[in-house]
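In this note's numbering, the protein residues as written are 101 to 584. We put the CB at the ideal spot given by N, CA and C, even for glycine.
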RNA sequence: GCUGGCGUAGCUCAGUUGGUUAGAGCACCAGAUUGUGGAUCUGGGGGUCGUAGGUUCAAAUCCUACCGCCAGUACCA
C-alpha cells in the first residue's frame, strides 16, 4: 500500500436507504400515530433482537434460504437477521410461560429480506405489528381488522381498502374443484395473481402454462378443465357487500362439508363489522385473496391504497394457530397484522400525503455579536425551559442574511434578532418568518391600498419588544393560524 | 434468477456518421446590499463521461466483461 489517500466512496447497499431529517420527522410522526391507535386498543409494547438463531426463524426441514440474511457468528453459530416480527413473537410466547394470555402486543422494528428491491420494497424495512396470542375467538380477528381500519384513517388516508377472507375458504375451493390438498400452495400462488394478470392467464397457469410478455415460460399446474371451470365459477361470484358475498359463497359451497367452518367464522366477522358500522367499501370480504405465507390457518387480511395499487399490500396479516407450536409442542392460537411502514410511507409520499418538515426547531436565535455568546446561550436556554424548541445559530458565518436564510430553509417559523441596538435598549426583535416570507413577494409590487395592508402586516411580521416580553411574543407568533 | 432499456456536474438532461479544451437549465457559492429571507443582475466553483479492458492516429460515442439503476417477469418461508 502506498501512502496516497484513498477516498472511500460514500454509497448505500442495494435495497437500503437513508432517511434524512425531513423524511424522518414525517416518519416518526407516522409511527407515533400508529402507536397511539394500537395503544388505544390496549396492545403492549415488545422488542426482540434483530438476530435470532436461524432455526428459530426457519424451523427444521425448511429449505427456503433465499430471502434470509444469514451468517455465521464469531461463536460459529448459524444465525440470521429476522425477516418478520411474527416468528420472534411466537418464540417469546413459548419462552416465557408466565406471560399472561391472551398476550396482545405491538412491536415496531426493522426486518431484513434479501430479495430484489422494487418500488416500496426494500431489503431493510420497518414493520409495525399488532398481534393477539392465545385467543381462538374470532373477536380477536375482528379487532385486528378494526385496528387496521382505524390506523389507516388515523394516518389521514382516505382511499384505502382492507380486504379479508379465510384460508379455509380456499381449502374448501380445492375440495369443491376436486384438487388434492398437496397442490394448495401452487394453486393459491396462482390465484393471488388474479388482479395482476387476469383470468385468462390464470387459467393458463392452472392448466398447461403460458409464456409471458418477456418470453419466459411459466409452467402449468396441469389441472383438469373441469377443475378450472369450478375455480372460475368461484371467481365469478359478484363482489359487493360482505353479507352478500358470504351468502353467495355458502350457496356455492353448500355441498362442501369443509366449508362449514369457513362460513361460520366469516359469518361472525361480517356480523361484527356490520354492527360496528365499519363500511363495506373500506373493509370488504374478498374471497380471492390468498397471501403468500404458509403459516396462516384462518382469516387473512390485507390493505392496499386504492390510489397507489402498484405498491401492493401495505398492511397485511392473518391467523396463524400453528406457529407457536413450533417452539412449544402444543398449539396456541394467534392472529395479527403488520404494517410495512416504509412501503406505506413511500406510497403516501407518492400520493402527496406526507408533509415534510425539515426542522424540529420552532425558534432560531440568531447571533449578531459573537462576543456576547453567553447572552445568546442564556436566551436559548430560557426558551427551552419554557418548552419551546429552540436552535441557537452555531454556524461560522455571522451575517444576518445568512442566518435568516438558514432558518428559512429549515422552515423554522420564528427568528430572534439580538444585536447591539437591542442589547443597548434591553430589547429583542422577534420575527415571524412565515408571515415575513409571504410579504417578500408583495414588497416590490405593493402600492395604494395593498401597500397599506403590507405595512400593517410587516409591523406584525417583525416586532421589537422589551427583553422581558420575549417569551410572550414568541408564543403569540407561534399561536398564529397558519395555512395548511 | 431471466429478458429488455439506461448510466455524462448535487439534480434533470444535450452532446451530429468516432474528430480540438464535454455543454445547458436548475441547485450551490460570492458580490451588488459590512443588521433582514424572495426576485433580479454580475461573477464563481464544480466532470476519473458508472468501472475495467479492447479496437483506433483519435472513444462520452464502437466492442467485451463487471457494477448500478429502471421496466417487465419469476420467486416471496
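Tell me whether residue i sits in a helix, a strand or coil according to DSSP, three-state version.
i	result
residue 206	strand
residue 117	coil
residue 577	helix
residue 553	helix
residue 266	strand
residue 309	strand
residue 377	coil
residue 103	Reliability fails at residue 103, whose pLDDT of 34 lies under 50, so the model's placement of it is uncertain and no value is given.
residue 331	helix
residue 470	helix
residue 396	coil
residue 412	coil
residue 501	helix
residue 424	coil
residue 279	coil
residue 242	helix
residue 476	helix
residue 345	helix
When you compare each of the options to residue i by their alpha carbons, which one comes out closest?
i	options	result
residue 289	459, 159 and 391	391
residue 116	252, 496 and 211	211
residue 512	337, 460, 248 and 274	460
residue 257	342, 338, 134 and 517	134
residue 387	411, 376 and 343	343
residue 281	195, 358 and 571	358
residue 114	194, 473 and 221	221
residue 225	578, 373 and 438	438
residue 566	554, 555, 536 and 522	522
residue 379	245, 132, 191 and 563	245
residue 533	509, 443, 554 and 556	509
residue 275	243, 254 and 330	330
residue 587	377, 340, 334 and 310	The displayed coordinates of the chain run from 101 to 584. Any statement about residue 587 would go beyond what the structure contains.
residue 471	519, 504, 553 and 286	519
residue 536	552, 517 and 557	557
residue 455	130, 112 and 110	130
On the criterion of 16 or more Cβ atoms from any shown chain inside 10 Å, does residue i qualify as buried, or is it exposed?
i	result
residue 580	exposed
residue 296	exposed
residue 189	buried
residue 561	buried
residue 196	exposed
residue 531	buried
residue 238	buried
residue 303	buried
residue 176	exposed
residue 417	buried
residue 171	exposed
residue 305	buried
Have a look at the DSSP bridge pairing and note the partners of residue i.
i	result
residue 529	517 and 564
residue 490	463
residue 435	232 and 419
residue 258	The partner list for residue 258 (beta bridge, DSSP) is empty, contrary to what the question assumes.
residue 172	178
residue 221	218
residue 403	262 and 415
residue 384	263
residue 318	310
residue 152	180
Check whether the Cβ of residue i sits closer than 6 angstroms to any heavy atom of the ligand MN, and report yes or no.
i	result
residue 329	Among the components modelled here there is no ligand, and therefore nothing to report on the ligand MN.
- Query: Is the segment 428-437 close to the segment 230-241, with three or more CB pairs under 8 angstroms?
  - Reply: yes
- Message: Below 8 angstroms, how does it come out for the segment 199-217 and the segment 144-159: are there three or more Cβ pairs, yes or no?
- Response: yes
- Item | Inter-stretch contact at 8 angstroms, needing at least 3 Cβ pairs: the segment 345-352 / the segment 212-226 | Look at the beta carbons and you see the segment 345-352 not touching the segment 212-226: under three pairs across the two are nearer than 8 angstroms.
- Item | Three CB pairs or more closer than 8 angstroms across the segment 146-156 and the segment 260-277 | no
- State whether the segment 488-504 contacts the segment 446-457, with contact taken as three or more CB pairs (one from each stretch) at a distance under 8 angstroms. no
- Query: Three or more beta-carbon pairs under 8 angstroms between the segment 269-280 and the segment 180-195, yes or no?
  - Reply: The way I'd put it, the segment 269-280 doesn't touch the segment 180-195; fewer than three beta-carbon pairs between them come closer than 8 angstroms.
- Query: Quick one: any contact between the segment 479-494 and the segment 519-527, if contact means 3 or more CB pairs under 8 angstroms?
  - Reply: no
- Just checking, does the segment 367-374 make contact with the segment 404-416 on the three C-beta pairs under 8 angstroms criterion? no
- Task: Assess, as a yes-or-no matter, whether the segment 564-581 is touched by the segment 466-483 under the definition of 3 or more beta carbon pairs within less than 8 angstroms.
- Result: yes
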